[in-house]
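Residue numbers (the working numbering): 1 to 246. All C-beta atoms in this analysis are idealised placements derived from N, C-alpha and C, irrespective of residue type, glycine included. The structure displayed is predicted, hence computed values, not measured ones. Heads up, the thing below is written out as structure tokens.
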Amino acid sequence: MALSYLQTSLDKLKDAARDDVIEICINPDGSCWGEFQGDHFMRVLDYHLTVTEIRDLGNQIASSANTTMSKDRPIISVSITYRGRPIRAQVVTPPAVVFGMSISLRFFSNLSLDQIELHYLYGKERKLEELRQEKNRALRDVVTSGAITDALRFCVENKLNMIVSGGTSTGKTVAARKILSYVPDDERIVTIEEAAELLPTQPNAVTLIANRDAEFQSADILLTATLRMRPDRIILGEVRGKEAMT
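Shown next as structure tokens:
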């Protein structure tokens, strides 16, 4: 019976039945985002879910896998089936997420292996070390010119890892928010913080809340969970524990 209820809820996601769907993410605000074959970024879908609909879908996903969600275990990652198609589903509930529930659905290809061909990502072989050195040289030139804003934009545009560090009351949060503002609006952002301070303004953003005293809500656990939320950017508000090695 749980599976039939689950199918009814998934039917409300009109794009879930599309053959070319890759991922559908439902944010706590009810907005729905999808990625389809050929897309470079997620696109907003033309429907919203209510708080009740999101909660019901999350509970039905958990029920279909014979598990439950609670404040002590606010994250579940399970496999479900929708109309014969396997889906990897992850649900994040409060207190691990701000303002509601976050659901990520990864739809596995229904093509047979004989129909799948593998190709180079850019059409040819590329040496990553050479690309890294090229970016380093370009960044060095920008930094040498003294154009700090251009240097920060360069780091964001090229998706370089960045660390903001400093003493107490030195403006770390303000600096991080300024850097975050350079991220394009069509990218999906997931932040991990102990308190929601970064406040990204991009429309496709989810804030996870870490609690070092909670076994299943620590920053390293949340960092692992973000990998199943289809992020373009992962922002760690603080790095001072096992999450540095995750």
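Check: C-beta contact flag for Asp56 and Ser104 at 8 Å; Outcome: no
Check: Residue range of the unbroken alpha helix (DSSP H) whose run includes Gly237; Outcome: Careful: Gly237 lies outside any alpha helix (DSSP H) and carries neither H nor E.
Check: Alpha-carbon to alpha-carbon, Leu131 and Val91; Outcome: 36 Å
Check: Inter-residue Cα distance where the pair is Asp185 and Ala205; Outcome: 10 Å
Check: Pair within 8 Å by beta-carbon distance, Ala219 and Glu187; Outcome: no
Check: Distance CB(Lys71)-CB(Tyr47) smaller than 8 Å; Outcome: no
Check: Simplified DSSP state of Gly58, which is helix, strand or coil; Outcome: helix
Check: Inter-residue Cα distance where the pair is Ile253 and Ile26; Outcome: As displayed, the chain neither begins before 1 nor continues past 246, which places residue 253 out of reach and without an answer.
Check: Close Cβ partners of Leu236 (< 6 Å) along its chain, the five nearest in sequence each way excluded; Outcome: Ile192
Check: In chain order, each alpha helix (DSSP H) run of at least 4 residues that lies wholly inside the region 27-74; Outcome: 51-64
Check: Residue interval of the beta strand (DSSP E) (run including Phe107); Outcome: 102-107
Check: Proximal residues to Val142 (C-beta, below 6 Å), its chain only, five neighbours per side dropped; Outcome: Asp150, Ala151, Phe154
Check: Close Cβ partners of Met1 (< 8 Å) along its chain, the five nearest in sequence each way excluded; Outcome: Reliability of the predicted coordinates at Met1 is poor, the pLDDT of 45 falling under 50, and the value obtained from them is presented with this limitation in mind. If we look at Met1 and ignore the five residues flanking it on each side, it has no Cβ neighbours.
Check: Cβ neighbours of Tyr182 in the same chain (closer than 7 Å, five flanking residues each side left out); Outcome: Leu152, Arg153, Val156
Check: Contact under 8 Å by Cβ, Pro200 with Leu180; Outcome: yes
Check: Environment of Ser165 [buried if 16+ CB atoms lie within 10 Å]; Outcome: exposed
Check: Contained beta strand (DSSP E) runs [length at least 3] in the region 132-200, N- to C-terminal order; Outcome: 189-193
Check: Tyr319, DSSP secondary structure in three states; Outcome: The structure shown does not extend to residue 319, since the chain is modelled only from 1 to 246, so the question has no answer here.
Check: Cut-off 8 Å between Cβ atoms - residues of its own chain near Pro28, not counting five sequence neighbours on either side; Outcome: Ile54, Val97, Val98, Phe99, Gly100, Met101, Ser102, Val206
Check: First through last residue of the alpha helix (DSSP H) which encompasses Asn208; Outcome: Before going on, a small fix: residue 208 reads as Leu here, not Asn. Here Leu208 belongs to no alpha helix (DSSP H); instead the beta strand (DSSP E) covers 205-209.
Check: Identified DSSP bridge partners for Val91; Outcome: Ile76, Ile103
Check: Distance between Met69 and Arg277 (C-alpha atoms, nearest Å); Outcome: Residue 277 cannot be examined here, being either before or after the span of the chain that is shown, 1 to 246.
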